[in-house]
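Encoded as structure tokens, the structure appears first; notes follow it.
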Amino acid sequence: MTVGAALVAPNTVQAQALDQTQLGKRVRHELVTLPYYGVFDNLAYQINGNTVTLYGQVVRPTTRSDAEARVAHLPGVTRVINRIEVLPLSGFDDQIRARAYRTIFNTAGLYRYAMGGNPSLHIIVNNGHLTLEGVVANEMDKRLAYIAARQVPGVFSVTNNLRTDRDESRSVR
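Per my numbering, numbering through the sequence shown is continuous, rising by one, with the last residue being 188.
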């Protein structure tokens, strides 16, 4: 009886891990295909069993509610904890966003991160504080983005949370 249980248990664990991986891919797909998800938003998630916790910052309140609704309808998700922060309305922050976008993506070689429907480099501005989020190809691009962000007029502080492709390949979701 114990031997049979031992033979079944690895398959069950493997099936659960596969389901977690598939669920992670589906959650990611739903988040990156949100209609108003863009360069000034940042979304992340964590899966614990059948519970998905959403994190990040968004400019529009509808992006927050749309993210929760989309993830809640996925098969295998029984609960969604929404910890997405809606950034405050601010003309000052909007001006910083526009200047940061121009400054960062006009810097040598960084324009490629703005291309496509879902840019890999995200610019988060909250009350004059700028945070860089996302993934870039290498350490040099990470540093260039940080240097460019520090040159944006009106920014109080810059936090560089960018990761490189190499960092991403080491981490397992």
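We treat Cβ as the ideally placed atom computed from N, Cα and C, and that holds for glycine.
Best match in the options for proximity to residue i [C-alpha to C-alpha]
i    : options                  : result
R43  : G106, R85 and A113       : R85
Y126 : A163, F171, T179 and S80 : A163
V151 : S135, L145 and V140      : S135
P90  : N153, T146, D182 and Q37 : Q37
S172 : T66, H137 and G143       : G143
T68  : V54, L49, V92 and N153   : V92
F107 : Y60, N141 and M155       : N141
D81  : G64, I138, L58 and I62   : L58
Y128 : L159, E83 and Q166       : L159
Span of the alpha helix (DSSP H), counted from its first residue to its last, around residue i
i   : result
T78 : P76 to A87
Identified DSSP bridge partners for residue i
i   : result
L58 : G71
Residue i in three-state terms, based on DSSP
i   : result
V95 : strand
T48 : coil
D34 : helix
Q. For the region 101–182, which segments carrying the alpha helix (DSSP H) assignment without a break, of at least 4 residues, lie completely within its bounds, in sequence order?
A. 106–120 and 154–165
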